[in-house]
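Worksheet: the structure to be examined is printed underneath.
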Amino acid sequence: MALMLKRVNRPRDLKWYQAGALLYGDWGTSKAYVLGIAFALSGHASWFFLGLMSLLTAAVGVCYVIICRLFPDGGGVYSAAKSRSRVLAMVGAFLLVAGYTVTAAISAIEAFHYLRVPDPELWAVISIVIIGLINWIGPGKVGSFAALIAIAASLSAFVLFFYTVPGLPQVELTMPKGSLLENWSSFVGIVLALSGVEAVANMTGIMQNPVEKTAKKAIFPVLLEVSILTFLLGIAMNAIPGLEIGNHAEAMMRTIAEHYAGPLYGQVIAVTFGLLLLSAANTAIGALVNIQFSLAKDRELPSVFTQLNRFGMPWLPLAIGTLIPVIVLVVEPNVLGLAELYAVGVVGAIGLNLAFCATNSRLSMKPWEKILLRGSALIMLLVELTICMQKPKALLFAVAIVGGGFLISSLSKRVPVKTPVEEAEGMLNVLTVEEAGELASLYPASTMVALKYMNMNLIEEAVMRATAKGENTVYLSYVDDAPASSVLLDEVEPSPESIHVFSTAQAELEKNGITAIPVWQIGADPGRLIADAAKALSVKTVVIGTTKKSALVNMIRGEVFRALARKLPAEIRLVVTG
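When we follow this note's numbering, the leftmost residue of the sequence shown carries the number 1026, and every step to the right adds one.
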């Protein structure tokens, strides 16, 4: 049986607060380690460099609001650059791989520094492996929990600031000393709070219209919280007695909380930011997966990078995205060392993106926007150049990631791409909900079968119901899991698993004289999507099956049934069969 495959646009259903939560999961965590690193590098002059970093963060944030407007279908460095230079676009993508790798590593180890467990390096490695296993089954189920953690962490940080206000008169602030080059090096060492905006730019292809408005509402609240609160907490940090330059790089937010609010609130900060940091590690691993998947879809990486496991997750990108942060942690468990590795990837990718947009004469921008983009690009590229000159380990790390990526890409080009030969007969036409709706008058059906695996009991139930009602058509519904990550393709196609289930189910139905209408969707909330499809197609009954999978799989998949039961209107029956 030949398969009529199609690529379809993902629905623009990402709301501003959802994008903002993903952004805060990266930006919001930065204060957890930037404060300590700043003091370790520059002592009581750290407030000055934190102020400069906050200004740079704000400028880059505004630049990315502009970029989101200019690239409503994806404005990350890879998307923005590939129309002008494929090589530089890939350099930007692999620099992001480097950045997200260290994001996962530094977030995981700092989480356990906050929790003050023994052997934080070991626990960080274990947590990354566990996060990888969770993503293997389906990351979309933890999205709501991550948003709640982000809200709790933001509120706890604001409360902490109010605790610090009475002690601000005792703040010990000093101006930076030393040469301009030494001060510039101190500033470069804390430019760490920027990777989140690159993630937001990649989400524009699935943001609700108008994209510019959605991007503004997602970016500005987080930008203000991160820029202002990090600076103010940095000032309060300088009033804590006994802090010594070169020390206290780890868990500074907890140190501030214990000094100003007591040990109990220190534990609150430890738990909320510990969980937020682990959530950031999860987001970073998801981003690593999707960067590799995007490159493979564009045939810049071997096609094996697009192969999905039975849960809809690209298995090889996930394995790599889990393994390389673990390797980085084993080689470099020190937070200051990780900070050096982190900056070289993120700063380079953002600098390239800003530079490409600032020099693209085809983009419509106001004069002040061009000036801001060019100025910010210049600063970011100077920061990147400084890192490469002064931090040999960071340069070696970036060269290894970028060089390794290009090597794999080059080798993949030598393997001939097999073009599938389609037969002329027995065509399976996989439809979207909208396309199925257009055929409803020609193929009336009142039963929808929700499939995730081939289940003969479901097929027999569908045949029985259609026959009893004198109908000869049944809707088949399959929802591919969309990873709850920030770097998602805005154009997608059905997975091989969905095609296998559709074709097998259709063949069984045809044996009983029933026509199958395959309806395909993709998203992180299958229960809601199935319910939406049932309502749109005016079916009377939705049939869903149970599984004999493991307890963990059933626990996660049970969320689909619960969401479906909540979302279906009363007039549509939900039938569960074994």
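By construction, the Cβ of each residue, glycine as well, lies at the ideal position given by its N, Cα and C atoms. The model shown is predicted, which means the values in this text are computed figures rather than measured ones.
| Query | Result |
| --- | --- |
| Alpha-carbon to alpha-carbon, residue 1104 and residue 1326 | 16 Å |
| Backbone secondary structure at residue 1111 - three-state DSSP | helix |
| Which listed residue (1136, 1087, 1155 and 1333) has its alpha carbon closest to that of residue 1057 | 1136 |
| Residue nearest to residue 1353 in terms of C-alpha spacing, selected from 1315, 1320, 1367 and 1502 | 1367 |
| Whole alpha helix (DSSP H) elements within the stretch 1174-1247, 4-residue minimum | 1205-1213 and 1220-1227 |
| Between the CA atoms of residue 1592 and residue 1535 - distance to the nearest angstrom | 31 Å |
| Cβ contact check for the stretch 1361-1378 and the stretch 1419-1430: 3 or more pairs under 8 Å | yes |
| Check whether residue 1236 and residue 1093 have beta carbons under 9 Å apart | yes |
| Close beta carbons around residue 1445, own chain, < 6 Å, minus the five adjacent residues each side | Residue placement at residue 1445 cannot be trusted, given a pLDDT of 46 that sits under 50; what the coordinates show is reported in the next sentence. None. |
| Beta-carbon proximity of residue 1071 to residue 1263, cut-off 9 Å | yes |
| For residue 1590 and residue 1416, the rounded distance between their alpha carbons | 56 Å |
| Closest by C-alpha distance to residue 1486, when choosing among 1467, 1602, 1402 and 1411 | 1602 |
| Beta-carbon proximity check, residue 1348 vs residue 1261, cutoff 9 Å | no |
| CA-to-CA distance, residue 1198 to residue 1096, given in whole angstroms | 43 Å |
| Burial state of residue 1489, where buried means 16 or more other Cβ atoms lie within 10 Å | exposed |
| For residue 1531, three-class secondary structure by DSSP | helix |
| Alpha-carbon to alpha-carbon, residue 1312 and residue 1160 | 12 Å |
| Other residues of its chain near residue 1468: CB distance less than 7 Å, five sequence neighbours each side excluded | 1498, 1540 and 1542 |
| Enclosing alpha helix (DSSP H) for residue 1078 [first to last residue] | 1071-1095 |
| Backbone secondary structure at residue 1044 - three-state DSSP | helix |
| Burial state of residue 1519 (16 or more Cβ within 10 Å) | buried |
| Span of the alpha helix (DSSP H) around residue 1371 | 1360-1383 |
| Neighbour-count burial assignment, residue 1223, 16 or more Cβ in a 10 Å radius | buried |
| Beta-carbon spacing of residue 1373, residue 1409 below 9 Å | yes |
| Which listed residue (1084, 1329 and 1554) has its alpha carbon closest to that of residue 1625 | A query on residue 1625 cannot be resolved here, the shown segment of the chain reaching from 1026 to 1603 and no further. |
| CB of residue 1360 within 9 Å of CB of residue 1131, strictly | yes |
| Minimum C-alpha distance to residue 1396 - residue among 1407, 1411, 1387 and 1380 | 1380 |
| Neighbourhood of residue 1100 by C-beta distance below 6 Å, restricted to the same chain and skipping five residues each side | 1092, 1093, 1226 and 1229 |
| For residue 1598, the residue or residues it bridges with in DSSP | 1566 |
| Segment limits, beta strand (DSSP E) that includes residue 1546 | 1540-1548 |
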